[in-house]
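Chemist: Can you read through this structure? Questions will come right after.
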Amino acid sequence: MHKGVITLYTRYIRTVEAESEAEQIVYSLFIYREFNFYIEREAENFLHQQCKTILPSQPNHWDEMKPPQWRIDMYASQEAGTKEIMLTEDVSLYQICQVNYSRSYSTLKNMKNWSLPPMDNISCTFINIIVKRHLANIFIRPHLELFAADLFMTDYCKLNLPYTVCRGIAEHMTNEDILSLCEQTTEKSLAFQLPTRLSKSLRVKRQQKNEGESQSSPIQNRKRLRRQ
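Next up, the structure:
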């Protein structure tokens, strides 16, 4: 095959792949916009920019593009399925996915005896991923709160406050503040930093061990030294 033909074929394949990748983003944006699933403005702007970056020769084409009608009908059917999945008698999975992460977390946090039913009926990859990503962003919050509370208890922060107080501080932090705290905290900065509540416990144990050794007989001490 002629070298020029190979080059044109390669360019064609890359263009098709780029268009396919851009279409995936366009379909996701359509779902967020059409069915009012929550998406942060920063994330939405990023996806728009990705489309323009993937195919710079058609920067405005993707803003007006819509999925084919058969896809829209499938999305509508799958979106209806999220309304049928009830977390409680009054709150559906769809309602949770419509509000921001803070409100979603506050709502779920105040619920009692709730559980997430299986999502087997949501077979559409796009909507399935959107829903699961939204839930993941909600449920990561309590883990970050625990991390922040433990961090406040360390000698690294030197707050010298009871754990319940540190936990309360973490629970009232904004998402931006708690994420910033986690991003700024590196393994290197925490090296050899034990939580204060654990450090005190260790000091007591070591003191008790030392006192026990000092009360041991000379023969016992000599045997201990031989083992070491």
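FYI, the UniProt record's numbering numbers position 222 of the sequence shown as 222, with every residue one higher than the one before it.
Think of the CB as a built atom: it goes at the ideal place given N, C-alpha and C, for glycine as much as any other residue.
1) What whole-angstrom Cβ distance do leucine 144 and isoleucine 96 have, given they're in contact under 8 Å?
2) Considering only the alpha carbon of each residue, which of Glu187, Glu84, Asn128, Ile140 lies closest to lysine 109?
3) Give every residue of the same chain whose Cβ lies closer than 7 Å to the Cβ of proline 142, excluding the five residues on either side of it in the sequence, and list them in chain order.
4) If you check the beta carbons only, do glutamate 84 and serine 92 fall under 9 Å apart?
5) Given 8 Å as the limit, is there contact between the segment 120 to 137 and the segment 25 to 37, that is, 3 or more CB pairs closer than that?
6) What beta strand (DSSP E) runs, 3 residues minimum, are completely inside the segment 134 to 181?
7) DSSP beta-bridge partners for methionine 86?
8) Buried or exposed: alanine 22, going by 16 or more other Cβ atoms within 10 Å of its Cβ?
9) Would tyrosine 101 and asparagine 175 be called neighbours here (beta carbons separated by less than 9 Å)?
10) Between the C-alpha atoms of lysine 66 and arginine 33, what's the straight-line distance to the nearest angstrom?
11) Which of the three DSSP states is assigned to threonine 186 in this structure?
12) Going straight from the alpha carbon of phenylalanine 37 to that of cysteine 166, what length do you get?
13) Threonine 82 and tyrosine 94 look like a contact to me (Cβ under 8 Å); what is the Cβ gap, rounded to whole Å?
Modeler: For this structure:
1) Contact flag wrong, Cβ pair sits at about 19 Å.
2) Ile140
3) none
4) Closer than 9 Å, so yes.
5) yes
6) none
7) Ser92
8) Counting Cβ neighbours within 10 Å, alanine 22 comes out buried, since at least 16 surround it.
9) yes
10) 11 Å
11) coil
12) Their backbone Cα atoms lie some 34 Å apart in a straight line.
13) About 4 Å; that satisfies the 8 Å criterion.
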